[in-house]
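As structure tokens, the structure follows; a few thoughts come after it.
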Amino acid sequence: MSIHISAEKGQVAKVVLLPGDPLRAKRIAEEFLTDTEQYNAVRNMLGYTGTVTLPDGRRVRVSVQGSGMGMPSLSIYANELFHYGVQTLIRVGTCGALQEHLHSGDLVIAQGGSSDSNLNRRRFKGLDFAPLPDPNLFVSAVLAVRERGWQTAIGNVLSTDLFYADHAPEEWKMWAEAGVLAVEMETAELYTLATLKGRRALSILTVSDVIPTKESMSAEQRETCYGRMVEIALASAFAT
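UniProt numbering puts the first residue of the sequence shown at 1, with every later residue one more than the last.
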């Protein structure tokens with residue numbers, strides 16, 4: 001057991017999907033896993049392990065763990081999952097697009113995580129670190145979306161500390177002009193931790209709203225947009 005995860009040794013799979021919302025973790029477990037057991041309910045941050053049957057017939061063990069909102073919360077759960085021997089963490093979450101050519105429902109695969117947080121400045125003594133995904137996971141995910149013909153943007157995302165940011169319009173413009181696709185709150189920390197721990201990580205996102213055009217999903221759509229992300233996550237995690 002760890003401080004925030006009550007699983008026993010062996011209850012957490014080597015591959016874990018990380019939605020921020022614990023109720024989304026529950027839905028993913030119900031819809032995609034069989035032989036499912038719940039291993040965590042501490043702070044209502046739900047975690048499940050079960051079996052997935054892949055298109056090629058392989059049966060693989062997968063966990064789904066809610067990680068909360070923001071880099072500090074993600075950091076807690078990622079660190080504790082690594083304590084359980086997890087090798088692969090794939091974030092499946094939503095983002096706000098900074099580019100006008102993107103639309104709600106589009107997929108984004110994060111090839112890097114910029115940030116306005118000071119977390120890495122503290123880690124690296126004021127110097128810059130480039131948080132990147134595992135290259136094999138990244139390439140496998142790109143190939144998987146292309147095989148399916150799904151509308152997908154591939155590029156840099158911004159992990160911010162501020163969800164409500166009154167100062168943001170000029171900053172969003174600056175990041176957009178630098179080619180950043182979207183803003184969210186976790187990817188930079190996920191990629192950093194995985195690199196430091198020698199593990200694999202990837203962030204697969206769905207655009208829930210487009211900041212410059214104010215296009216957005218409904219609350220109901222946000223709750224049901226995870227299916228394609230989970231499919232790509234599984235395809236990349238278990239690529240042969």
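No residue lacks a Cβ here, since even glycine has one placed at the ideal position from N, Cα and C. All values derive from a computational prediction rather than experimental measurement.
Are there 16 or more other CB atoms within 10 angstroms of the CB of Glu184, so buried, or fewer, so exposed?
buried
Would you say Ala141 and Ile109 are within 7 angstroms of each other, going by their C-beta atoms?
yes
Would you list the one or two residues that DSSP bridges to Leu107?
Thr152 and Thr206
Does DSSP put Val230 in a helix, in a strand, or in coil?
helix
Are the beta-carbon atoms of Ser6 and Val42 separated by less than 7 angstroms?
yes
For a test of the three-state rule: what should DSSP assign to Leu74, helix, strand or coil?
Looking at Leu74 - three-state DSSP - the assignment turns out to be helix.
Between Leu107 and Leu18, which are expected to be in contact by the criterion C-beta below 8 angstroms, what is the C-beta distance as a whole number of angstroms?
Taking the Cβ atoms as the reference, Leu107 lies roughly 16 angstroms from Leu18, outside the contact range of under 8 angstroms.
Three or more C-beta pairs under 8 angstroms: does that hold for the segment 170 to 186 against the segment 81 to 101?
yes
Write down every uninterrupted run of the beta strand (DSSP E) in the segment 129 to 200 whose length is 3 residues or greater and which is fully enclosed by it, in chain order.
152 to 159 and 182 to 184
Report the three-state DSSP secondary structure of Gln38 (helix, strand or coil).
strand
Can you give the beta carbon distance from Gln65 to Ala25, rounded, assuming they're within the 8 angstroms contact cut?
6 angstroms
Going along the chain, which residues of its own chain have a beta-carbon closer than 7 angstroms to the beta-carbon of Thr53, five neighbours each way excluded?
Arg59
Please name the residue or residues paired with Leu23 in a DSSP beta bridge.
Paired residues: none, contrary to the question.
Could you name the residues that DSSP lists as bridge partners for Glu220?
DSSP lists no bridge partner for Glu220.
Which residue marks the beginning of the beta strand (DSSP E) containing Leu17, and which one marks its end?
Val15 to Leu18
Is the segment 219 to 226 in contact with the segment 69 to 76, if contact means three or more CB pairs nearer than 8 angstroms?
no
Secondary structure at Ser236, three-state DSSP: helix, strand or coil?
helix
For Gln38 and Met45, I'd like the C-alpha separation in whole angstroms.
11 angstroms
What number of angstroms, rounded off, separates the C-alpha of Glu30 from the C-alpha of Lys125?
44 angstroms
Per DSSP, what kind of secondary structure is Ile211 in: helix, strand or coil?
coil
Alpha carbon to alpha carbon, how far is Leu162 from Gly57?
Distance from the CA atom of Leu162 to the CA atom of Gly57, rounded to whole angstroms, is 43 angstroms.
Can you tell me which of the three DSSP states Leu119 falls into?
helix
Looking only at its chain, what residues have a beta carbon closer than 7 angstroms to the beta carbon of Leu190, apart from the 5 residues adjacent to it on each side?
Leu74, Ala78, Leu89, Arg91, Ala201 and Ser203
Tell me Gly112's beta-bridge partners as DSSP assigns them.
Asn156
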